[in-house]
Each structure stands twice: as C-alpha cells, then as structure tokens.
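Numbers 1 to 499, taken from UniProt numbering, label the letters of the sequence shown in order.
Here the structure is laid out as structure tokens; the discussion comes afterwards.
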Amino acid sequence: MTKPDSKRSSVALVTGKPANAAEEQVNNGSSDPSVSGSPHHALTPATPTKHKSAKQVSRDNLSRRNTESEVFDDGTNTFFWRAHTVTVLFILTCVLVYVTLLEETPQDTTYNTKRGIVASILVFLCFGVTQAKDGPFTRPHPAYWRFWLCVSVVYELFLIFVLFQTVRDGRQFMKYIDPKLGVALPERDYGGNCLIYDPGNTTDPWHNIWDKMDGFVPAHFLGWYIKTLVIRDWWMCMIISVMFEFLEYSLEHQLPNFSECWWDHWIMDVLVCNGLGIYAGMKTLGWLSMKPYQWQGLWNIPTYKGKIKRMAFQFTPYSWVKFEWKPASNLRRWLAVLGIIFMFLLAELNTFYLKFVLWMPPEHYLVLLRLVFFVNVGGVAMREIYDFMDDPKFYRKLGQQAWLVAAITVTEFLIVVKYDPRTIMLPIPFFVTQCWFLGIVLILSWTLWLPFWNIWKAMTNYSAFGKCSDSFFHNLLRLQPYSKIDKRENPHQFTHNGP
C-alpha cells in the first residue's frame, strides 16, 4: 500500500537526488537530512544556465510549497494502486447480463422506477470511480475521492430536479425516498427560559443546561474539528464561528430554532463546543505539519507491527501543505477569503433552511448524510480553492470539486428561496439591519483601500526605486505582492532557504 510509479519522483524532489538513490536510502533506513540530502540544500539553485519562464518559476514555487513536509516514498506499485478499469467493466457487464436474462422483472411500476434510478446512479459511479480525473488527495486511495466527486454530480442533479418541481410536488417527492417525509414538522424553540440556575424548579434547578445537552453538542465539537482541518487557519475558523452566531441572532425571526439563550450562543457554542473543536483541530494540524512522511510498500516492512502501523497510516495524508491565506497581502486573496467565508456561512444556513422547507426532522438520516457528504468533499474543494488562489499561473482554472461544491451550495439556497419565499422575505428588525449595514460598509471600505495600502507598503519597504524594473509598477497595479513579482522577474537572484 504505497504510491504508484507516477509519484516516485517525489523522493528525488525532496532529497535532491535521483529517485533510485533516494529509494536506496529509504530502504536502508536513512532519513537523516545530512545523509539523504537537506531539502533546503537541494532546492538552492546552482549557477544559472538560462532564464526560466514565469510558468517554470511558478512550478518551482509550487514544488517548494508542496514539500513543506518531508516525504520519502520507495515507489512500490502494488495491486492496491492499479486502476482495475477492465475488472470493473467485466463485473458490471456480468451483473447487467444477469438482470437481463436470469431475473424476472416485477410488475410494480413504482418499484421498477426506483430500481432503475438506483441502477443508473450505480453505473455512473462505476464509470466515475475508474475514469474520472484525480484530485489533489490520494489517501486512502484516489478512487475514494473520485467516488465523492461523482456523488457530488449526482447530488447536484438531484437538487436541480427538485428545483424544477412545484413546492407541493417537491415536498411529496421526498416520500419516494422515505414515506415518513412530506409532513409539516414543528421546529423546536431553543429560547424560552434562559436562566442558567432556575431556583423555581426545586427538582432540578439546572434543567435549562441539561435540556440543551442534546446530540448537537458533540456534533458541534466534531464539526468544528473537521472544519479546522479543512480550513487550516485559526482566524478564519473563529471568524466563521462568531459570524454564524450573529446570523442566528439576525434570523431568529425566520427560523424558531435559531432562538437560543445568550449563554447557549456564546458559552456553549462559541467557547465550549466550537472553541474546543478548533483547538483540537489546530493541535492536529501542528502534528500533521511536523511529522515526517515515510512510505514503504507493505511487503517491504519485515515486522507485523510495522505492517499494521503502515495500514493504519494509509488513512492519513500522503504529505502536508500548510495553508497561508494572507488575506491582506493583495486584493485577489482578500476577495478569495471573503468568498470562502460567505460560501461557508451559506452552506451552514442551508442545513437549517433545507430541512425547514422540505419538512425533514433534524434527526433524519438524510440530514446526516448531507453532513457526511460535505465532510468528504469540503477538504478537496478547499485545497483546490487554495491552489487556484495561491498559484494562478499554474492552476489556470478552478478545481472540479470546488466548482461542484459552489454549484451545490447555490442550488440549495435557490430551492429554499423558491419553496418558502415568505419566510426568506420576512422583514429583518431595524437594529439588526443597522448592524449589518455598518459591517458591510467597513468591509467595502477596506476592500477599496487595500490596493493603495499594498502600494504604500511596497514603496516604504523598497526605497531604491532605481533598481526596480518597470514591471514592478505594472504588477503593483495588478495588486500582486512585490516578493512574488521580483522572484518571477529575477528567479536566479534568490535562493530557497526554507519551506
């Protein structure tokens, strides 16, 4: 269980030596940088022979960023990593032949319709798992992430179908999935008595706290732990966490279950559940960024303990890239971070509004499946967004999973707008409108000021204007940071001294 041959070059990339020599060091048990070649030394260029193009320099920057974590791979290609396209096609053909020739078709139209839809989805998943383009993640297996990519396509098509139905037909259509659906359900009010200690209740004066200790408490902690692993930034996680509580305050006149006590908002949610989840996530990120990544084929490990450990680590990342969002560095990054926060908050709101307009109880398995879906596709989408934002010269288009996640989030919101416009259009209280207006004005003001701020910083940091080329000022107008501009104009003037 290790990487295929296409990834063998990663050994040479990290050690600065040919792949065969690096693999020999790994097999001999050498992981000392002084022996295997320091990444810093390996990436320091020798005497330049020719001027690199901007695309080549962009690729170099990408390689340096991707090798923040040390990766050693012996390059063993096992049965586990092969495509198996012919095998899957043969099995699929056998199943279809069996259904056609040996199985009697039932006379139930409803049953046949459901079975035909499920069979069509399964055939599409088989095609996608074997033929779709790989994403940025490879563990535990590239086919796993191709599967979720295809599930994203199926889910988006399902949402489009629901969007084109009438409100009544769309809600009744949910009965084909679960006969218990299609019935209006009352929302639970989390407000009411907000006393932490209720002296009037002699039986249990702490009953308000125990009433709030439902299944959403561990869900909040686990959810924010996973979100931290996806976003990989403490500040962005805290901003999204606090902003969602403000959204609950602002929209509690629309959805009753947004009406919570003040201590439920800020103590139980932000500080305890969300805060502890973010803290645990940041500790995990620190461990993932510091640990060495050494991969050997399962049959190359002599001990059973080592084999079991290797199998367990198959479910950990192959390598690790630290996200550096730097929203204030240029306008592109600032707008990207704003877009990420907006889409995150919209997806969170869709969780509550969708089950409200489609009449699904909070504990229904479809609600849980949607959360599991976003857990699996969110990490890939965020990595693709970061790559597209961080190195647009190399990543010229948005990744396929990020594109689908954005389309799904927007389609879910459109379903909410179509199915219950009266709830969405309920007037927001005036004081809430004032607060949001002030916040939007501050964000727009900083957005307009940011380009001038970057120009002023560049001019104060580099006073020797005579040494700067004309492209320096040209790229300043394009709002790119000076460090990247100068490296692309003079790539051999700089040496790489660290990740």
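Quick reminder that beta carbons are idealized off the backbone N, C-alpha and C, glycines included.
Residue burial classification, residue i (beta-carbon count within 10 angstroms, cutoff 16)
| i | result |
| --- | --- |
| ALA464 | Confidence in ALA464 is poor, its pLDDT being 46 and thus under 50, which makes the residue's placement too unreliable to answer from. |
| MET236 | buried |
| TYR225 | buried |
| TRP449 | exposed |
| ILE240 | buried |
| ASN454 | buried |
| residue 533 | Since the displayed the chain opens at 1 and closes at 499, residue 533 lies outside it and no answer follows. |
| CYS150 | buried |
| GLU348 | buried |
| PRO327 | buried |
| SER445 | exposed |
| ALA458 | buried |
| THR76 | buried |
| ASP264 | buried |
| ASP108 | exposed |
| residue 507 | Here the chain comprises residues numbered 1 to 499, so residue 507 is not present and cannot be evaluated. |
| GLY339 | exposed |
| VAL321 | buried |
| LEU354 | buried |
| TYR98 | exposed |
| TYR111 | exposed |
| TYR365 | exposed |
| TYR304 | exposed |
| ARG333 | buried |
| ASP387 | buried |
| GLY430 | Per the sequence shown, residue 430 should be read as Phe rather than Gly. Looking at its Cβ environment, which holds fewer than 16 other Cβ atoms inside 10 Å, PHE430 is exposed. |
| GLY128 | buried |
| LEU271 | exposed |
| LEU404 | buried |
| PHE452 | exposed |
| LEU101 | exposed |
| PRO292 | exposed |
DSSP three-state assignment for residue i, whether helix, strand or coil
| i | result |
| --- | --- |
| ASP391 | coil |
| TRP295 | strand |
| PHE323 | coil |
| LEU371 | helix |
| PRO142 | helix |
| GLN314 | coil |
| LEU448 | helix |
| PRO362 | coil |
| ASP269 | helix |
| GLY182 | coil |
| PHE258 | helix |
| ALA328 | coil |
| GLU252 | coil |
| ASP264 | helix |
| PHE164 | coil |
| PRO421 | helix |
| ARG383 | helix |
| ASP169 | helix |
| PRO427 | coil |
| PHE137 | coil |
| LYS397 | coil |
| PRO218 | helix |
| THR203 | coil |
| THR411 | helix |
| THR303 | coil |
| ARG232 | coil |
Contact belief for residue i with residue j at Cβ below 8 angstroms, rounded distance in angstroms
| i | j | result |
| --- | --- | --- |
| MET174 | LEU369 | That belief does not hold up - the Cβ atoms of MET174 and LEU369 are roughly 13 angstroms apart, past 8 angstroms. |
| GLY277 | THR351 | At roughly 16 angstroms, the Cβ-Cβ gap does not stay under 8 angstroms, so GLY277 and THR351 are not in contact. |
| PHE147 | LEU125 | 6 angstroms |
| LEU414 | LEU163 | 6 angstroms |
| ALA159 | GLU412 | The sequence as given places Leu at residue 159; Ala does not occur at that position. About 6 angstroms; that satisfies the 8 angstroms criterion. |
| residue 500 | ILE121 | Missing from the structure shown is residue 500; the chain here goes from 1 to 499 and no further. |
| MET282 | TRP234 | 6 angstroms |
| ARG115 | THR316 | Not confirmed; about 39 angstroms, so no contact. |
| TYR419 | GLY182 | So it is not a contact: roughly 13 angstroms between Cβ atoms. |
| GLN131 | THR85 | 7 angstroms |
| CYS273 | HIS220 | 4 angstroms |
Contact with chain B by residue i, beta-carbon distance below 7 angstroms
| i | result |
| --- | --- |
| MET243 | Among the chains of the structure shown, chain B does not appear; only one protein chain is present. |
Near the ligand ATP: residue i beta-carbon under 6 angstroms from a heavy atom
| i | result |
| --- | --- |
| GLU248 | With respect to the ligand ATP, the structure shown offers nothing to examine, as it has no ligands at all. |
Could you pull out every unbroken alpha helix (DSSP H) segment of at least 4 residues lying fully inside the segment 62 to 131, listed in chain order? 85 to 101, 109 to 131
I want to know whether the segment 374 to 393 touches the segment 401 to 416 - three or more CB-CB distances under 8 angstroms. yes
Do the segment 308 to 315 and the segment 243 to 255 meet, that is, are 3 or more Cβ pairs less than 8 angstroms apart? no
Could you tell me whether the segment 123 to 142 touches the segment 394 to 404, using the rule of 3 or more Cβ pairs below 8 angstroms? yes
Flag this pair as touching only if the segment 293 to 303 and the segment 73 to 80 have three or more C-beta atom pairs under 8 angstroms; answer yes or no. yes
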